[in-house]
Structure formats: structure tokens, C-alpha cells
Amino acid sequence: MIVTVAEQWVEAPLRRFVDDARVLFALLIHPSGQVLGQFGFTRSLDVMAACALAAAINASGSALGKEMDSAPFGELHHGGALRQVFLARVEAPRGDLVLLSAFDRTTSLGLVRIYFEELRTALAAVAPAQESNPALAGNFEQELNRSLAALFGRAIPHEVPTG
Amino acid sequence: MSSPYVAPLAAVSRHRGIIGAMVVDAQDDIIVDATVRHGIKASTVAALGASIYRKARQSAGAAGLGDTAFLRMEAEHGHIFAAGRGGLVLIALAESSVNVGIVRLEMIRAAEGLA
Numbered sequence: 001m002i003v004t005v006a007e008q009w010v011e012a013p014l015r016r017f018v019d020d021a022r023v024l025f026a027l028l029i030h031p032s033g034q035v036l037g038q039f040g041f042t043r044s045l046d047v048m049a050a051c052a053l054a055a056a057i058n059a060s061g062s063a064l065g066k067e068m069d070s071a072p073f074g075e076l077h078h079g080g081a082l083r084q085v086f087l088a089r090v091e092a093p094r095g096d097l098v099l100l101s102a103f104d105r106t107t108s109l110g111l112v113r114i115y116f117e118e119l120r121t122a123l124a125a126v127a128p129a130q131e132s133n134p135a136l137a138g139n140f141e142q143e144l145n146r147s148l149a150a151l152f153g154r155a156i157p158h159e160v161p162t163g
Numbered sequence: 164m165s166s167p168y169v170a171p172l173a174a175v176s177r178h179r180g181i182i183g184a185m186v187v188d189a190q191d192d193i194i195v196d197a198t199v200r201h202g203i204k205a206s207t208v209a210a211l212g213a214s215i216y217r218k219a220r221q222s223a224g225a226a227g228l229g230d231t232a233f234l235r236m237e238a239e240h241g242h243i244f245a246a247g248r249g250g251l252v253l254i255a256l257a258e259s260s261v262n263v264g265i266v267r268l269e270m271i272r273a274a275e276g277l278a
């Protein structure tokens, strides 16, 4: 099982979630779309697309929840013929995160939800108290590329200040 | 509006030593209806219990033993029972002192009413 992370503190909880819940894919991101960790993806392009879509779905769900229920929806489940998607928000001390996971009949929605609760608790316990990266910094694109490079083992050099 | 599963849940819950009963979707492992003593993590018990029951069915099928009518898990301080029908699983939790024979009979009978 290969879990890759852009931030080390998410590795153990994410690895345990993947191991226990038996999901096919898992992606932990900032609501802005910045990736923190992933399991199951083999190409950075796939991760980029999944991050963007997950962030968009989360934003839509939150807005719809506020409209209908005065609060953002916490979880979203989409059942497909063979695979299902579970998307949920994780409240952490340094700000909300979003988990996107896909699974098949090897596991079930009930099990994924149980282990998601454990992931949520574990992340809250190990999350650094201070925000190390703002959700949408001015150098967001560069940070995103750096995260993807870290996930897929490609080095992207830090920008050297000029002048 | 009352759930159609009130009767099977009541039939199982009325026995001495039973501390919870739930009807669970066998595919999603999500509770459909339940009556459980306060303090029990019902959704966790339901998901793991239904998952174990599903695997027990697969195991019995693979062994050529046919369908699984009833499953009992004995823990240090009690039992978890499961009996399925169609797409639903009836799960009951009981103290160690429960009469296993009566509960087994009642579970199988109640599970037939789930379909």
C-alpha cells in the first residue's frame, strides 16, 4: 500500500484509514484544492483533476447546505454501479480539510463512515496548531505543483529570488 | 409514520438480556431502524456486525455449506447475534446471561419477517 503525503502529519492517520476502510482511492485536501495526501492515484494529472473536482463538490455542497439547512453539509455519498464515492469535511484545529474516497463492494458505506470518524479524530489529534500554509496563498499554483511533485517523487526547485 | 421493522425489532428486544436490536442494510451496512440502549455505538456495531455476517455468508457459500441462517459472536461480556433475509440483516446485542436458544429462535423467525 503506497500512501504519499505532502505534509507528514497526515500520513499515519490516512494510512490507517485506507488500511481499515479498504478504499480504492483516498485524497485529503484543503477546501481550496491543495493536496495533503493521497492513496491509489498513479498520475499527478489524476490527482490535480480529483483535487479540483473534490474542492468544487465540497464548495457546492457547503453552499447548498447553507441555503437549505443553514449549515454546510458534512458528508456526501454517491453510489455508482460498481464504485461509490464518499466525500466529507474534517474539522481540524488549523482549518477544515476534505476527504474524498472511492470504494467498491470490498467494503461498504457504513464501514467507510466508521473509519472516517476515526480518521477525523486522529487528524484532530495530530494536526499542528498553527497553519503552516495559508489555504490560498499568492503562490498557490507553485505550492500545488510542489505538493504534486512531493507526492509523485519529482523534485521542483524552489524559486530563486531575482534582483 | 412507524417503520415496518417495529415488529421484528420488538420481537427480539422483549427478551431478557437483550440490550439492542437493529435492522441493517446488508449492502451498505447502514442502520435502517434500531432500538438500542443508550451508550452503545449503534452505527459502529451495525456496520461491523453486518460486514462480518456478509463475510460469514461468503465463507459458508465458498465451503459449500449453503446459506447462513444465524451467526453468534461471543464476547467477554455478551453476545452479538445476526440473521439475514434479502437485503437486510437483523442484529441483536445481548448480555452474557441471555438465553441463547430462545434468542436464536426469535432471531430466525424475526428475520423471515424482514423480506
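Chains as they are written, first to last, in this note's numbering: chain H, 1 to 163; chain Z, 164 to 278.
For every residue, glycine included, the Cβ atom is placed at its ideal position computed from N, Cα and C.
Distance between residue j and residue i (C-alpha atoms, nearest Å)
i, j, result
"Ala219 of chain Z", "Ser259 of chain Z", "22 angstroms"
"Val266 of chain Z", "Pro31 of chain H", "49 angstroms"
"Asp46 of chain H", "Arg200 of chain Z", "46 angstroms"
"Gln84 of chain H", "Asp19 of chain H", "17 angstroms"
"Pro72 of chain H", "Asn58 of chain H", "9 angstroms"
"Leu28 of chain H", "Leu97 of chain H", "7 angstroms"
"Tyr115 of chain H", "Ala102 of chain H", "14 angstroms"
"Gly40 of chain H", "Ala149 of chain H", "16 angstroms"
"Arg146 of chain H", "Leu228 of chain Z", "55 angstroms"
"Ala6 of chain H", "Gln38 of chain H", "9 angstroms"
"Thr121 of chain H", "Ala257 of chain Z", "29 angstroms"
"Glu67 of chain H", "Phe244 of chain Z", "43 angstroms"
"Ala124 of chain H", "Arg113 of chain H", "16 angstroms"
"Val186 of chain Z", "Tyr168 of chain Z", "7 angstroms"
"Thr4 of chain H", "Leu99 of chain H", "14 angstroms"
"Asp104 of chain H", "Gln190 of chain Z", "11 angstroms"
"Met48 of chain H", "Ala63 of chain H", "23 angstroms"
"Phe17 of chain H", "Glu118 of chain H", "8 angstroms"
"Ser166 of chain Z", "Ala238 of chain Z", "30 angstroms"
"Leu211 of chain Z", "Arg217 of chain Z", "10 angstroms"
"Ala255 of chain Z", "Ala226 of chain Z", "26 angstroms"
"Val208 of chain Z", "Leu234 of chain Z", "14 angstroms"
"Thr162 of chain H", "Glu11 of chain H", "Since pLDDT at Thr162 of chain H reaches only 45, below the 50 mark, its modelled position is unreliable, and the value read off the structure follows with that caveat. Looking at the two C-alpha atoms, the distance is approximately 35 angstroms."
"Leu109 of chain H", "Ile2 of chain H", "22 angstroms"
"Leu277 of chain Z", "Leu14 of chain H", "37 angstroms"
DSSP three-state assignment for residue i, whether helix, strand or coil
i, result
"Gln34 of chain H", "coil"
"Ala232 of chain Z", "coil"
"Glu136 of chain Z", "This structure cannot settle anything about residue 136 of chain Z, because the visible part of chain Z is limited to 164 through 278."
"Val168 of chain H", "Here chain H covers residues 1 to 163 and nothing more, so residue 168 of chain H does not appear."
"His158 of chain H", "With a pLDDT of 48 at His158 of chain H, under the threshold of 50, the predicted position of this residue should be treated as unreliable, and no value is reported."
"Ala252 of chain Z", "The sequence as given places Val at residue 252 of chain Z; Ala does not occur at that position. If DSSP states are grouped into helix, strand and coil, Val252 of chain Z belongs with the strands."
"Phe244 of chain Z", "strand"
"Ser165 of chain Z", "coil"
"Asn145 of chain H", "helix"
"Phe152 of chain H", "coil"
"Arg16 of chain H", "helix"
Neighbourhood of residue i by C-beta, 8 angstroms cutoff - its chain only, sequence neighbours within 5 removed
i, result
"Val261 of chain Z", "His178, Arg179, Gly180, Ile181, Gly241, His242"
"Asp230 of chain Z", "Arg220, Ala223, Gly224"
Chain-order list of residues whose beta-carbon lies under 6 angstroms from that of residue i (same chain, five-residue window excluded)
i, result
"Ser214 of chain Z", "Asp192"
"Arg22 of chain H", "Thr106, Thr107"
"Ile203 of chain Z", "Gly183"
"Gly61 of chain H", "Phe73, Leu76"
"Gly33 of chain H", "Cys51, Ala52, Ala55"
"Met236 of chain Z", "Ile243"
Identity of the residues DSSP links to residue i by a beta bridge
i, result
"Val5 of chain H", "H:Gly37"
"Ala257 of chain Z", "Z:Ile181, Z:His242"
"Ala269 of chain Z", "The question names Ala, but residue 269 of chain Z is Glu in the sequence shown. Its beta-bridge partners do not exist; DSSP assigns none."
"Leu28 of chain H", "H:Gly37, H:Leu99"
"Val186 of chain Z", "Z:Asp196, Z:Leu253"
"Glu237 of chain Z", "Z:His242"
Contacting residues, own chain, Cβ-Cβ under 7 angstroms from residue i (five flanking each side not counted)
i, result
"Ala232 of chain Z", "Ala246, Ile271"
"Gly74 of chain H", "Ala88, Arg89"
"Ala273 of chain Z", "Pro171, Ala174, Val175, Leu253"
"His78 of chain H", "Gln84, Val85"
"Leu111 of chain H", "Ala21"
"Pro157 of chain H", "With a pLDDT of 47 at Pro157 of chain H, under the threshold of 50, the modelled position of that residue is not reliable, and the figure given next carries that caveat. Result list for Pro157 of chain H: empty, nothing under 7 angstroms."
"Asp188 of chain Z", "Val195, Gly250, Leu251"
"Glu106 of chain Z", "Nothing can be reported for residue 106 of chain Z, as the shown portion of chain Z is limited to 164 through 278."
"Phe25 of chain H", "Phe39, Gly40, Phe41, Ser101, Ala102"
- Could you name each continuous alpha helix (DSSP H) segment of 4 residues or more that falls completely within the region 188–227 of chain Z, going from the start of the chain to the end? 205–225
- Query: Which runs of the beta strand (DSSP E), 3 residues or longer, sit entirely within the region 52–134 of chain H?
  - Reply: 75–79, 84–90, 97–103
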